[in-house]
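Peer 1:
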Amino acid sequence: GLCSLLPGRIDEVVYSLLSLPILVIAAIRYVDRLLSAAAFCCALSIVVQLVEKVPGVAIYVLPYVGMVFCAAVYVLIKRNDGRRDLRYWRDQFGVLELLSILVFYASGNYWIVQNITAYLSGLEQPPLNWFFWLFTFAVPAMYLYTGLRRKDRLMLDSGIACIVLSFITFRYYYHLVSLSWAATIGGAVLFALSYAAIRYLRRNTRPFTYEPEGKISILQTAGEYLFEQTIAGDAAAPEKDKTGMGGGAFGGGGAGNDF
């Protein structure tokens with residue numbers, strides 16, 4: 022729209038800077054979760070593009086900049102989540118919180134950092150590669166602990182998802198066992214963690230329950246939407262009735278086309 026009126030040689034960061042306030046205003050005005058996610062991604066892209074323009078610095082600080090950005094968004098959301106005057110945007114806060122949690126982990130995931138480093142500098146391994154390997158496994162464990170400790174369902178679900186991604190990342194670089202054994206070991210680890218979590222939650226039953234929630238979480242909403250688009254959307258349409266006999270219904274005088 023407005024960006025098409027600008028000269029074609031303008032840097033991409035300018036387009037992002039022009040788009041960000043529009044996305045923020047639209048997300049606030051229409052209370053839209055998708056626009057909130059777009060505003061988050063736009064702000065993150067601005068930060069990343071600005072860091073990339075500093076020569077010789079991006080490969081060293083880009084992952085940490087992503088972590089700091091997501092941590093700042095998460096802290097800001099948590100500090101304002103309970104405000105009554107912002108209650109109409111509570112769902113938008115949930116989207117921003119989920120994105121900040123997931124992107125924080127992605128900023129330090131070894132596979133993502135290694136590919137970004139190879140793209141920017143051609144190096145096979147990122148600087149301080151041991152730190153990112155530690156980050157890949159430590160952060161999901163921290164998410165799980167925080168989710169159980171603070172009774173945070175979103176953090177708990179994110180921790181489970183990040184643990185799966187951590188095992189996939191390790192499997193991508195190190196083929197210690199066959200794929201079937203890796204899946205078996207990973208399933209056993211998840212089963213053990215689930216069993217330990219259930220035992221812990223039985224002693225702290227007040228914040229968690231097996232009863233269905235009255236309010237559906239963001240992850241559940243996203244899962245239901247994907248299911249509807251992929252599974253339910255592919256269901257075969259009902260066949261057209263082929264018993265029609267032309268003009269006339271049975272026992273009537275031309276009122277319908279069924280037998």
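Heads up: the sequence shown is residues 22 to 280, going by the working numbering. For glycine and all other residues, C-beta sits at the position ideal for the given N, C-alpha and C.
Mind checking whether V160 and P147 have CB atoms under 8 Å apart?
Peer 2: Sequence index remark: in the sequence shown, residue 160 carries index 139 (1-based). Sequence index remark: in the sequence shown, residue 147 carries index 126 (1-based). Contact: no.
Peer 1: So what does DSSP say about S40, is it helix, strand or coil?
Peer 2: Within the sequence shown, the letter at position 19 stands for residue 40. It is helical.
Peer 1: Could you work out which residue in V52, I43 and Q113 is closest to Y95 when comparing CA atoms only?
Peer 2: For this step, residue 95 is matched to residue 74 along the sequence shown. Ranking V52, I43 and Q113 by Cα distance to Y95 puts Q113 first.
Peer 1: Just mark G129 as buried or exposed, buried being the case when its beta carbon has 16 or more other beta carbons within 10 Å.
Peer 2: Taking the sequence shown and counting its residues from 1, the one referred to as residue 129 is at position 108. With 16 or more other Cβ atoms within 10 Å, it is buried.
Peer 1: Who are the Cβ neighbours of A59 in its own chain at under 7 Å, not counting the five residues just before and after it?
Peer 2: Taking the sequence shown and counting its residues from 1, the one referred to as residue 59 is at position 38. Result list for A59: L44, in chain order.
Peer 1: Beta-carbon within less than 6 Å of S37's beta-carbon, same chain only, minus the 5 sequence neighbours each way: which residues are those?
Peer 2: Taking the sequence shown and counting its residues from 1, the one referred to as residue 37 is at position 16. So the qualifying residues of the chain are C63, S66 and I67.
Peer 1: Between which two residues does the alpha helix (DSSP H) carrying L144 extend?
Peer 2: Numbered from its first residue, the sequence shown carries residue 144 at position 123. L144 -> no alpha helix (DSSP H), and no H or E assigned at all.
Peer 1: Please give the ranges of any alpha helix (DSSP H) in the stretch 106-162, keeping only runs that are unbroken, at least 4 residues long and fully inside the region.
Peer 2: The qualifying runs are 111-129 and 131-142.
Peer 1: Could you give the residue range of the alpha helix (DSSP H) that holds Y85?
Peer 2: Taking the sequence shown and counting its residues from 1, the one referred to as residue 85 is at position 64. Its alpha helix (DSSP H) spans residues A79 to N101.
Peer 1: Measure the alpha-carbon distance for V75 versus L39 and round it to whole angstroms.
Peer 2: Translated into the one-based positions of the sequence shown, residue 75 becomes position 54. Translated into the one-based positions of the sequence shown, residue 39 becomes position 18. Approximately 21 Å, taken between the alpha carbons.
Peer 1: Under a three-way DSSP split, which group does Y195 fall into?
Peer 2: Residue 195 sits at position 174 when you count from the first residue of the sequence shown. Three-state result, Y195: coil.
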